[in-house]
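Novice: Reminder that position 277 of the sequence shown reads as 277 in full-length UniProt numbering, one-by-one numbering, no gaps. Quick one: the structure is below, and I'll ask about it shortly.
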Amino acid sequence: MTIAPSAERQQSLASPATDAGSSSAPSSPSRARQSAAEPGPAPLASSAPSSSASSASSASSASSASSEAELLASGEHRLLGNYRQAPFVLEHGRGCELFDTEGRRYLDLCAGVAVSALGHAHPRLTAAIAAQAGRLIHTSNYFYNQENLLLAEELCQKTGFDRAFFCNSGAEANEALLKLARRHFFNRGEAHRYRIVAFHNAFHGRTLGAIALTGTPKYREGFGPPLQGVTHVAYGDVEAVRAAMGPDVAGILVEPVQGEGGVIPGPPGFLAAMRSLADEHGALLLLDEVQTGIGRTGHWLGSHGDDVRGDAAALAKGLGGGFPIGALVLREQLNSALPPGAHGSTYGGGPLASTAARTVLAVIEEDGLCAAATRNGDHLARGLAGIAARHPHLATGERGRGLLRALVLAPGIDPRKALNAARDRGVLLTVAGSDALRFTPPLIISEAQIDEALEKVEIALTEAFA
């Protein structure tokens with residue numbers, strides 16, 4: 001890959017708050033390979049200006065950092081090789097932009113896989129975390145802490161649930177969801193009701209319980225016999241769910257939009273049908289809102305867009321804006337399902353994580369980011385549909401909700417090659433399912449940034465698959 005000159009790197013790192021459009025750093029890793037005739041996007045101002053502290057941090061890291069090659073070699077030598085990571089090292093970010101150790105700029109339409117809801121180095125979030133770190137970081141759940149109590153109240157008000165349990169990730173939240181459902185019926189003297197109806201192509205995390213719930217065999221391969229009592233059926237098929245129901249079913253577990261499975265929304269009326277089937281059989285409707293919640297689909301929960309209320313829901317990703325936190329929210333009548341000692345988390349709901357989550361919720365509400373996700377999601381959808389219309393040999397369309405979107409690639413188009421081509425043009429995305437490029441930008445993204453990303457992705461695909 002092309003490496004920026006050392007002097008250029010130092011200039012970029014020493015002044016991270018410089019407007020991206022006027023920065024001397026190349027706007028993408030492959031700038032040197034682009035033709036002079038390529039139309040360039042308009043310069044963009046930063047969505048979240050960096051503080052003087054971040055400037056000092058960048059300058060300090062520039063003076064002591066190893067070279068990119070040395071850092072990559074260290075990663076190859078020291079990190080567990082369970083990820084397929086891009087061949088560069090990220091160093092700092094601001095708003096919807098990321099910069100690597102060589103000063104190259106990337107438009108981030110990945111957002112840490114739908115995590116960085118407020119983008120990078122959002123001044124309000126970084127200030128809140130810094131202030132709380134100076135007061136109280138950890139207490140354990142043997143004691144109440146003020147930030148967690150306030151977060152529980154605010155999260156329940158926004159999601160429409162009555163109680164909350166806090167953990168550290170989406171997988172942990174789904175584990176808690178599973179335990180809640182099974183223990184609820186056990187406590188009622190119905191221990192035979194432990195089966196969960198879940199869906200093919202779903203993804204619920206990588207712990208042993210979560211991979212049993214996940215309806216994609218590759219995530220379970222090699223880890224021994226899966227947890228028993230899970231039935232997988234076709235996503236969106238109401239009759240298949242009806243056929244799977246029985247007196248041993250504790251709950252139906254469903255994503256409003258299958259994220260990892262390819263950004264596939266449930267068909268109209270599907271979630272409402274799941275609510276009706278659960279009620280008909282006295283089972284629980286369990287929602288995995290890890291990827292669809294916290295404004296991502298234009299609502300506090302993806303299920304709100306369907307006007308459906310679950311009995312409990314798993315949350316994570318955008319909730320902390322990049323700070324690790326997950327949550328299980330539930331109806332009051334399920335509160336006794338997990339009494340003291342039945343479940344817990346050492347770190348869950350700590351003061352620092354709770355402060356981060358409270359700040360994210362406040363900014364989303366005050367800045368109208370749920371409405372912005374709908375508005376900008378529609379703009380992104382139109383742009384993706386336009387790419388498909390102009391290049392039917394490359395893409396067949398788009399799908400998704402809000403700012404959880406995918407460009408559906410045509411048969412024969414390798415998603416990973418497409419991903420790498422977009423990355424070489426300076427746009428960070430992820431692959432979802434077998435045929436989709438996933439777009440999950442920060443909720444603060446502007447139309448101008450979406451347009452810049454779309455232009456670069458279109459050029460990247462036409463060049464890569466010429």
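We put the beta carbon where it would ideally sit given N, CA and C, even for glycine.
Can you check which of these residues, Asn420, Gly293 and Glu332, is closest to valine 360 by C-alpha distance?
Specialist: Along the sequence shown, one-based indexing puts residue 360 at 360. Among Asn420, Gly293 and Glu332, the Cα nearest to that of valine 360 belongs to Gly293.
Novice: Note down, in chain order, each residue of its chain lying with its Cβ closer than 6 angstroms to the Cβ of aspartate 248, except the 5 sequence neighbours on either side.
Specialist: Numbered from 1 along the sequence shown, position 248 holds the residue referred to as residue 248. Cβ within range, chain order: His192, Arg193 and Arg195.
Novice: Sort Ala453, Cys370 and Ala356 by Cα distance to alanine 131 and report the nearest one.
Specialist: For this step, residue 131 is matched to residue 131 along the sequence shown. Comparing Cα-Cα distances from alanine 131 to each of Ala453, Cys370 and Ala356, the minimum goes to Ala356.
Novice: If you reduce the DSSP assignment to three classes, tell me which class threonine 396 lands in.
Specialist: Counting from 1 along the sequence shown, the entry for residue 396 is found at position 396. It is a strand residue.
Novice: Taking its Cβ as the centre, do 16 or more other Cβ atoms sit within 10 Å of isoleucine 269, making it buried, or is it exposed?
Specialist: Here the question's residue 269 lines up with position 269 in the sequence shown. Before going further, note that residue 269 is glycine rather than isoleucine in the sequence given. Its Cβ having fewer than 16 others within 10 Å, glycine 269 is exposed.
Novice: Could you give the residue range of the alpha helix (DSSP H) that holds alanine 313?
Specialist: By 1-based counting over the sequence shown, the position of residue 313 is 313. Per DSSP, alanine 313 belongs to no alpha helix (DSSP H); it is in the beta strand (DSSP E), 312-315.
Novice: May I have the straight-line CA-CA distance separating proline 267 from threonine 297, to the nearest angstrom?
Specialist: Here residue 267 is taken as the residue at index 267 of the sequence shown, counted from 1. Here residue 297 is taken as the residue at index 297 of the sequence shown, counted from 1. Rounded to the nearest angstrom, the two C-alpha atoms are 15 angstroms apart.
Novice: Here's the rule: buried if 16 or more other CB atoms are within 10 angstroms of the residue's CB, otherwise exposed. What is phenylalanine 323?
Specialist: The sequence position of residue 323 within the sequence shown is 323, counting from 1. Looking at its Cβ environment, which holds 16 or more other Cβ atoms inside 10 Å, phenylalanine 323 is buried.
Novice: Which ranges would you report for the beta strand (DSSP E) in the segment 201-242 if only whole runs of at least 3 residues count?
Specialist: With a minimum length of 3 residues, the continuous beta strand (DSSP E) runs that stay inside the segment 201-242 are 230-233.
Novice: Among Gln449, Leu461 and Arg405, whose alpha-carbon lies nearest the alpha-carbon of arginine 416?
Specialist: Counted from its first residue, the sequence shown places residue 416 at position 416. Closest option to arginine 416, Cα to Cα, is Leu461.
Novice: Does the distance between the C-beta of leucine 109 and the nearest non-hydrogen atom of the ligand HEM fall short of 8 angstroms?
Specialist: Absence of the ligand HEM is noted for the structure shown, with no ligands found whatsoever.
Novice: DSSP three-state call for glycine 383: helix, strand or coil?
Specialist: Your numbering for residue 383 matches position 383 in the sequence shown. DSSP places glycine 383 in helix when its eight states are reduced to three.
Novice: Could you tell me the distance, in whole angstroms, from the CA atom of alanine 418 to the CA atom of proline 392?
Specialist: Position 418 of the sequence shown, counted from the start, is the residue given in the question as residue 418. Position 392 of the sequence shown, counted from the start, is the residue given in the question as residue 392. Their backbone Cα atoms lie some 15 angstroms apart in a straight line.
Novice: Can you tell which of His184, Tyr83, Cys96 and Glu70 has its C-alpha closest to the C-alpha of serine 336?
Specialist: The sequence position of residue 336 within the sequence shown is 336, counting from 1. The residue with the shortest Cα to Cα distance from serine 336 is His184.
Novice: Measuring only the C-alpha atoms, how far is glycine 40 from aspartate 424?
Specialist: To locate residue 40, count along the sequence shown from 1; it is residue 40. To locate residue 424, count along the sequence shown from 1; it is residue 424. Low local confidence applies: a pLDDT of 33 at glycine 40 is under 50, so the model's placement there is unreliable, and no value is given.
Novice: Can you give me the Cβ contacts of alanine 371 inside the same chain, cut-off strictly under 8 angstroms, excluding the 5 residues immediately before and after it?
Specialist: Residue mapping note: residue 371 aligns to position 371 of the sequence shown, counting from 1. Cβ neighbours of alanine 371 beyond the five flanking positions: Gly298.
Novice: Which class does cysteine 156 belong to by DSSP, given the choice of helix, strand or coil?
Specialist: The residue you call residue 156 lines up with position 156 of the sequence shown. Of the three classes helix, strand and coil, the one that applies to cysteine 156 here is helix, per DSSP.
Novice: CB-CB under 7 angstroms to histidine 232, same chain, minus the five flanking residues each way: which ones, in chain order?
Specialist: Position 232 of the sequence shown, counting from 1, holds the residue named residue 232. Closer than 7 angstroms at Cβ, skipping near neighbours: Ala198, Phe199, His200 and Gly215.
Novice: Is the distance from the Cβ of alanine 181 to the Cβ of glycine 251 below 9 angstroms?
Specialist: Here residue 181 is taken as the residue at index 181 of the sequence shown, counted from 1. Here residue 251 is taken as the residue at index 251 of the sequence shown, counted from 1. Yes; because the gap between Cβ atoms is below 9 angstroms, this pair is in contact.
Novice: Please work out which residues of its chain come closer than 7 angstroms, Cβ to Cβ, to phenylalanine 465, disregarding the five sequence neighbours upstream and downstream, and give them in chain order.
Specialist: In the sequence shown, residue 465 corresponds to position 465, counting from 1. Within the same chain, phenylalanine 465 has close Cβ partners Leu394 and Ile413.
Novice: Does DSSP put proline 87 in a helix, in a strand, or in coil?
Specialist: Numbered from 1 along the sequence shown, position 87 holds the residue referred to as residue 87. Coil, per DSSP.
Novice: My parser needs the beta strand (DSSP E) runs of 3 or more residues fully inside the segment 309-369; what are they?
Specialist: Complete beta strand (DSSP E) runs here, min 3: 312-315 and 326-330.
Novice: Helix or strand or just coil, what does DSSP make of phenylalanine 185?
Specialist: On the sequence shown, residue 185 is found 185 positions in, with the first residue counted as 1. Helix.
Novice: Only counting the same chain, and skipping five residues up and downstream in sequence, which positions put a Cβ closer than 6 angstroms to that of glycine 259?
Specialist: To locate residue 259, count along the sequence shown from 1; it is residue 259. Closer than 6 angstroms at the Cβ level, and outside the excluded window around glycine 259, lie Gln291.
Novice: Please list the segments of the alpha helix (DSSP H) lying wholly inside the segment 404-462, counting only runs of 4 or more residues, in order along the chain.
Specialist: Counting only runs of 4 or more, we get 415-424.
Novice: Is phenylalanine 165 helix, strand or coil by DSSP?
Specialist: As a working mapping, residue 165 is identified with position 165 in the sequence shown. Phenylalanine 165 falls in the strand class under three-state DSSP.
Novice: Just to confirm my understanding: we take alanine 86, look at its own chain, exclude 5 residues before and 5 after, and list those with CB closer than 7 angstroms. What are they?
Specialist: If you number the sequence shown from 1, residue 86 lands on position 86. Closer than 7 angstroms at Cβ, skipping near neighbours: Arg423.
Novice: Just the C-alpha distance for glycine 75 and leucine 98, rounded to the nearest angstrom, thanks.
Specialist: In the sequence shown, residue 75 corresponds to position 75, counting from 1. In the sequence shown, residue 98 corresponds to position 98, counting from 1. One C-alpha to the other measures close to 19 angstroms.
Novice: As a quick exercise: from Leu330, Arg401, Ser446 and Leu334, pick the residue whose alpha carbon is nearest that of arginine 188.
Specialist: Reading the sequence shown from its first residue, position 188 is the one you call residue 188. Nearest C-alpha to arginine 188: Leu334.
Novice: Here's the rule I'm using: 16 or more other beta-carbon atoms within 10 Å means buried, otherwise exposed. How should threonine 139 be labelled?
Specialist: The sequence position of residue 139 within the sequence shown is 139, counting from 1. Burial call: exposed.
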